[in-house]
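What follows is a single structure, written as structure tokens, with notes after it.
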Amino acid sequence: MIETTMHDQASGLRRLTNPTRTKVITVTGGKGGVGKTNITLGMAAAMAKQGKKVMVLDADLGLANVDVLLGLRVGKNLSHVMQGVCDLKDIIVEGPHGMKIIPASSGMRGMTELSMAQHAGLIRAFGTLEEDVDVLLVDTAAGISDMVLSFSRAAQDVLIVVCDEPTSITDAYALIKLLSREHGVTRFKVVANMVRSYREGRDLFTKLTRVTERFLNANLELVACVPLDEHVRQSVKKQRVVIDAFPKSPAALALNALANKALTWPVPRNPGGHLEFFVERLLVRDEAAGDYLSE
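Spelled out as structure tokens, the structure:
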């Protein structure tokens, strides 16, 4: 039933003559501790500094940390939206350079065990937003939960963050395998994070592609090598994004370059079968117009 609904919504998108051109990027990786959130916030801040309207969704629904890393005071979060206490627009807080943050909950096990219907309901909640957004960055939880898969399917670009550890490579492969074989996601962009050199990053990417090319129908592209940089740890302590706290640091320069590259990635005029955020309200309007015309 959920699959049919998602397909119908995606088909409805193709009927729109002027769809919202929001770039949706999901940042994931399988393993925890690979730096997904720092990558997400670095990209978001860099884009926002250029005047882009950026929104960050903390999709780690059980162990949220985006607000903590930015030193933001948060009242309500996604758990309150799911409980019907408030609408999605009521929990949005403003971060550096005007970026908008949708905070999740922390320490609530129930938020990590949502049903597929609840996943769909959460995506539907985005239909209540009237925000004008150029880029939505989704920072997922670790692992290969249904929620991680849902958000990865919903994006136009899936950014896989991996570091040079056997468990990171194994978990990234497992995520790519699941998304490609069972959910039709075949294109992935890879960030080699916390590497000591560009060559180490290339070697790390080669390790990953060696197994994906052999066993999977998936296309991987290395889009950034972010260096291991003490300034990142220092910026976390300061609760600031590294590109603000240490703008000339190697990590900051790499994240700026990644953000610039991401802004050039095309936004498909017609979705390729994946349900995209920020279009539910357009579908509702489209259907309402159709109902009006048929009366």
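As numbered in my numbering, residues 3 to 297 make up the sequence shown, in order. In this text, a Cβ means the ideal position worked out from N, Cα and C, and glycines have one as well. Given the structure is predicted, the values throughout are model-derived calculations rather than measurements.
So the alpha helix (DSSP H) residue i belongs to, where does it begin and stop?
i	result
Ile245	Val244 to Ala247
Met149	Asp148 to Ala156
Leu206	Tyr200 to Phe217
Ser81	Leu80 to Met84
Where residue i and residue j are concerned, what is the direct C-alpha to C-alpha distance, given to the nearest angstrom?
i	j	result
Asp293	Glu132	The predicted position of Asp293 is uncertain, since its pLDDT is 43 and thus under 50; a value taken from the coordinates is nonetheless stated next. Looking at the two C-alpha atoms, the distance is approximately 22 Å.
Leu177	Phe190	11 Å
Thr172	Cys88	39 Å
Ala106	Val70	11 Å
His185	Gly37	25 Å
Leu139	Val228	18 Å
Lys91	Val76	13 Å
Thr39	Ser182	23 Å
Gly34	Val192	16 Å
Asp148	Arg155	10 Å
His276	Leu80	Summary for His276: the model assigns pLDDT 43, below 50, so the residue's position carries little reliability; its value from the coordinates is reported in the next sentence. Distance between the alpha carbons of His276 and Leu80 is about 23 Å.
Ser199	His99	30 Å
Arg212	Leu43	30 Å
Arg23	Lys78	28 Å
Lys239	Thr208	33 Å
Trp267	Gly86	36 Å
Thr169	Ile103	30 Å
Ala47	Val29	15 Å
Ala144	Ala226	20 Å
Which first and last residues belong to the beta strand (DSSP E) in which residue i is found?
i	result
Ile93	No beta strand (DSSP E) holds Ile93; DSSP gives it neither H nor E.
Leu230	Taken as a continuous stretch (DSSP letters only), Leu230 belongs to no beta strand (DSSP E), as it is neither H nor E.
Leu139	Val137 to Thr142
Ala61	Val56 to Ala61
Leu161	Asp159 to Val164
Arg23	Looking at the DSSP string, Arg23 is not in any beta strand (DSSP E), and its letter there is neither H nor E.
Asn195	Arg189 to Val197
Please confirm whether residue i and residue j have their CB atoms less than 8 Å apart.
i	j	result
Phe153	Ala61	yes
Ile2	Asn258	The chain is shown only over 3 to 297; residue 2 falls outside these bounds and no answer can be derived.
Leu63	Gly97	no
Lys54	Val137	yes
Val68	Met101	no
Ile93	His82	yes
Leu180	Arg204	no
Met49	Leu265	yes
Val243	Ser237	yes
Ala174	Leu218	no
Phe248	Ala256	no
Met45	Leu260	yes
For residue i and residue j, which I take to be in contact (beta-carbon distance under 8 Å), what is that distance rounded to the nearest angstrom?
i	j	result
Val234	Ala194	Val234 to Ala194, Cβ: 15 Å. No contact.
Ile27	Ala157	6 Å
Val135	Thr142	The pair is not a contact, with the Cβ atoms about 18 Å apart (cut-off 8 Å).
Met196	Leu230	4 Å
Leu59	Gln241	Between Gln241 and Leu59 the Cβ distance is about 19 Å, and since that is not below 8 Å, they are no contact.
Gly31	Ile162	6 Å
Val269	Lys25	5 Å
Asp166	Glu202	6 Å
So for residue i, helix, strand or coil by DSSP?
i	result
Ala48	helix
Thr172	helix
Leu74	coil
Lys102	strand
Leu180	helix
Glu133	coil
Asn221	strand
Val269	coil
Val29	strand
Asn262	helix
Val281	Any reading at Val281 is ruled out, since the residue's pLDDT is 44, under 50, leaving its predicted position unreliable.
Gln236	helix
Val68	helix
Lys250	coil
Could you tell me whether the Cβ of residue i comes closer than 8 Å to any Cβ of chain C?
i	result
Thr172	The question asks about chain C, but that chain is absent: this structure has only one protein chain.
Run the proximity test for residue i: is its beta-carbon closer than 7 Å to any non-hydrogen atom belonging to the ligand COA?
i	result
Val137	Looking for the ligand COA in the displayed structure turns up nothing, as the structure carries no ligands at all.
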